[in-house]
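Working notes, beginning with the structure itself.
Numbering (the UniProt record's numbering), first residue to last: 1 to 137.
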């Protein structure tokens, strides 16, 4: 019971912190940190790659199999961007043939909670979102 109360208290505190942050930034414009964050990571492939890497280190071929529809070129471009952001690290193993794996950094792992919240929201509203997607695209 104490764990449930503590969890609810933490959610309330986080909500309060969010509200305070939004009040401090009176106008929601392109300089808003939320907009900047979304501009950096909120695209189709970036989110899917982050979600796939939440499961652990993966090779390019594993990511290509797991993320349906992504081309090798787009995967490599997006991984390079995530490496430049400091969200993913590329490890080359001294083997023959060479083996390369991609792993989330601490910064990359920090996206887990927001991504899970987005995933939960998407699942909860799946019928409406599917209908809207079909109407839009």
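Even glycine gets a Cβ: it sits at the ideal position worked out from N, Cα and C. The model shown is predicted, which means the values in this text are computed figures rather than measured ones.
Among the options, nearest to residue i - alpha-carbon criterion
| i | options | result |
| --- | --- | --- |
| residue 105 | 118, 86, 60, 9 | 86 |
| residue 103 | 88, 75, 92 | 88 |
| residue 53 | 29, 90, 71, 38 | 90 |
| residue 61 | 42, 75, 48 | 75 |
As assigned by DSSP and simplified to three states, the class of residue i
| i | result |
| --- | --- |
| residue 93 | strand |
| residue 68 | coil |
| residue 106 | helix |
| residue 30 | coil |
Cβ neighbour criterion (16 or more within 10 Å) applied to residue i
| i | result |
| --- | --- |
| residue 33 | exposed |
| residue 56 | exposed |
| residue 108 | buried |
| residue 40 | exposed |
| residue 111 | buried |
| residue 119 | exposed |
Residues that residue i bridges to, as DSSP identifies them
| i | result |
| --- | --- |
| residue 123 | Paired residue(s): none; residue 123 is not in a bridge. |
| residue 131 | DSSP, once it has assigned bridges, lists no residue as partnering residue 131. |
| residue 13 | Answer is none; residue 13 lacks a bridge partner. |
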